[in-house]
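Colleague: Sequential numbering from 491 applies to the sequence shown in the numbering used here.
Beta carbons: idealized from backbone N, C-alpha and C, even for Gly.
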Amino acid sequence: MKQTHPPVVRDDNDPVPHPVKGLRIGILDRPTGEWASHPNGIAEWDGERWLYTDPEEGMVVFNEEEGKAFLFTNNEWVDIDE
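1) In terms of DSSP beta bridges, what is Val551 paired with?
2) Does Val510 pass the burial test, meaning 16 or more other C-beta atoms within 10 Å, or should it be called exposed?
3) Quick one: using the 10 Å Cβ neighbour count with 16 as the cut-off for buried, is Val568 buried or exposed?
4) Measure how close the beta-carbons of Val551 and Val498 come, nearest whole angstrom, since I'm counting them as under 8 Å.
5) My guess is that Gly516 and Ile532 are in contact by the Cβ rule of under 8 Å, so how many angstroms apart are they, rounded?
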């Protein structure tokens, strides 16, 4: 079953230095720093700390920067708009 999650602004491997509350970033497959243990996950800044959603098979998320939806399948994000 596909689980659609709120959109992310963009993807990155590195934590954002000065995030604003509610910022959601798709973590790429080689994260650094505080994000290091959450490859392919989603980080959301709650105003004080990062909250993480780790990927699950069938998860769908829209990337606003790319204007595309992605499906997490077989341990990777796949562009479902192609």
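Modeller: Inspection of the coordinates gives the following:
1) Note: Val551 sits in a beta bridge opposite Phe560.
2) exposed
3) Val568 should be labelled exposed.
4) 6 Å
5) 6 Å
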